[in-house]
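Asks: Residue numbers for the sequence shown follow the numbering used here, beginning at 379 and rising by one. The beta carbon of each residue, even a glycine, is placed where N, CA and C say it ideally should be.
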Amino acid sequence: MTLLNNNERQQVTDAIAAVERETDAELVTVLAERADDYAYIPLLWAGLIALLLPGALLFFTAAISASTLLLIQWSVFVALALVFRLPAVTTRMIPKSVRHWRAANLARRQFLEQNLHHTRDATGMLIFVSEAERYVEIIADRGISQHVDDSEWQAIVSAFTARVRAGETRAGFLECIAACGEKLHTAVPATHERNELPNHLVVLD
Numbered sequence: 379m380t381l382l383n384n385n386e387r388q389q390v391t392d393a394i395a396a397v398e399r400e401t402d403a404e405l406v407t408v409l410a411e412r413a414d415d416y417a418y419i420p421l422l423w424a425g426l427i428a429l430l431l432p433g434a435l436l437f438f439t440a441a442i443s444a445s446t447l448l449l450i451q452w453s454v455f456v457a458l459a460l461v462f463r464l465p466a467v468t469t470r471m472i473p474k475s476v477r478h479w480r481a482a483n484l485a486r487r488q489f490l491e492q493n494l495h496h497t498r499d500a501t502g503m504l505i506f507v508s509e510a511e512r513y514v515e516i517i518a519d520r521g522i523s524q525h526v527d528d529s530e531w532q533a534i535v536s537a538f539t540a541r542v543r544a545g546e547t548r549a550g551f552l553e554c555i556a557a558c559g560e561k562l563h564t565a566v567p568a569t570h571e572r573n574e575l576p577n578h579l580v581v582l583d
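#1: With a Cβ-Cβ cutoff of 8 Å, do E588 and V467 count as a contact?
#2: How far does the alpha helix (DSSP H) with L490 in it extend, from its first residue to its last?
#3: Alpha carbon to alpha carbon, how far is A540 from L575? Give it in angstroms, no decimals.
#4: At what residues does the alpha helix (DSSP H) containing E398 begin and finish?
#5: If you compare alpha carbons, which of A518, H478, R512, V397 is closest to H502?
#6: Do you know how far the Cα of C558 is from the Cα of L448?
#7: Check whether the region 476-491 and the region 404-418 are in contact - that is, three or more C-beta pairs closer than 8 Å.
#8: If contacts are defined as beta-carbon pairs under 8 Å, then Q388 and L552 qualify, I think. What distance do you get, rounded to the angstrom?
#9: Please say whether L382 and N547 have beta carbons closer to each other than 8 Å?
#10: Throw me the rounded Cβ distance for the A459 and L431 pair, which I believe falls under 8 Å.
#11: Taking the alpha carbon of A424 as the point to measure from, which residue in Y513, W452, T391 has its own alpha carbon closest?
#12: With a Cβ-Cβ cutoff of 8 Å, do I522 and A565 count as a contact?
#13: Ends of the beta strand (DSSP E) at L405?
#14: Kindly indicate the opening and closing residues of the alpha helix (DSSP H) around I450.
#15: Measuring alpha carbon to alpha carbon, tell me which of S529, R572, D527 ends up nearest D644.
#16: Quick check on the burial criterion: 16 or more other C-beta atoms within 10 angstroms. Buried or exposed for R520?
#17: Could you pull the start and end residues of the alpha helix (DSSP H) that S523 belongs to?
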C-alpha cells in the first residue's frame, strides 16, 4: 500500500488550488494508511483459539500430557498472534462497522487538528480517506452545510470509495475535488482572495 508519491500529491495540491480560486471554501485533504493499528485484535483472536485448543485436542487425542498440552497451547498462541498482526490479516478480522467507526473518529479528529473549524466564515471542508478501511468521508463546516445538505456529498463519497477499493486513490482524489468544486462554486462562490489553510495533501502513515 502506497500513500501516493510526490508527483501525485502535487496533483492533489494543484487541484485544491484550482477549486479554491472559484470558492470561499477552504479544502483540506487527509490520507491515512489506516485508522487504527487494532493491536488488541490479534491477541484477542489468538487467545480465544488457544483457549479452545485443549478441548479440541483432548476430544481427538486422549493420550496427551498436561505439559505437552500447555506447550502446544502457548506455541499456537504465539504463532497466531504474530500471523494475525499482519496488516492484511488484521483488517479482514475486524467487522466493517468497527473499522468504519474508527475511521470516522479519526476523520473528526483531523477536522479539528487541521483547524477546519477556525476558518473566517466557517467554510472549512475536509476530504478524508483511510485506505486500509476503504473509508471516505466529507465533512463540511456550517458555512458550507447551510447551503449544501450533507446528503449531496454522498454520491461523490460513493464514487471515491469505489476508486479506493480499486487502488486508484489519486484518481479518486482528483475526481472528488473537482466534483466538490462544482457544488462549492455555486453554493459558496469566491468573494475575495483567501488561503487560510494549506493546500497540500496531509498524509498519516
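Replies: Let me spell this out:
#1: Lying before the first or after the last residue shown, residue 588 is absent from the chain, which here runs from 379 to 583.
#2: By one-based count along the sequence shown, residue 490 stands at place 112. Segment 474-491, the alpha helix (DSSP H) holding L490.
#3: Indexing the sequence shown from 1 puts residue 575 at position 197. Indexing the sequence shown from 1 puts residue 540 at position 162. Spanning the two alpha carbons is a distance of roughly 28 Å.
#4: Here residue 398 refers to the residue found at position 20 of the sequence shown. Run containing E398: 384-398, per the alpha helix (DSSP H) assignment.
#5: The sequence position of residue 502 within the sequence shown is 124, counting from 1. Residue identity check: residue 502 is Gly in the sequence provided, not His. Cα-wise, what sits closest to G502 is A518.
#6: If you number the sequence shown from 1, residue 448 lands on position 70. If you number the sequence shown from 1, residue 558 lands on position 180. Each residue's Cα considered, the two are about 59 Å apart.
#7: yes
#8: Walking along the sequence shown from the start, residue 388 turns up at place 10. Walking along the sequence shown from the start, residue 552 turns up at place 174. About 12 Å; that fails the 8 Å criterion.
#9: Along the sequence shown, one-based indexing puts residue 547 at 169. Along the sequence shown, one-based indexing puts residue 382 at 4. What sits at residue 547 in the sequence shown is Thr, not Asn. Yes, the pair counts as a contact, with Cβ atoms nearer than the cut-off.
#10: As a position in the sequence shown, residue 459 is number 81, starting the count at 1. As a position in the sequence shown, residue 431 is number 53, starting the count at 1. No, A459 and L431 are not in contact; Cβ-Cβ is about 13 Å, not under 8 Å.
#11: Counting from 1 along the sequence shown, the entry for residue 424 is found at position 46. Per the Cα distances, W452.
#12: Residue numbering aside, residue 522 sits at position 144 when the sequence shown is read from its first letter. Residue numbering aside, residue 565 sits at position 187 when the sequence shown is read from its first letter. Going by C-beta atoms, I522 is nearer than 8 Å to A565.
#13: One-based indexing of the sequence shown puts residue 405 at position 27. From DSSP, the beta strand (DSSP E) with L405 extends over 404-410.
#14: Here residue 450 refers to the residue found at position 72 when the sequence shown is read from its first residue. That run of the alpha helix (DSSP H) goes 444-461.
#15: In the structure displayed, the chain extends from 379 to 583; residue 644 sits before or after that span and is not available.
#16: Position 142 of the sequence shown, counting from 1, holds the residue named residue 520. Classification for R520: exposed.
#17: The residue you call residue 523 lines up with position 145 of the sequence shown. Its alpha helix (DSSP H) spans residues 520-523.
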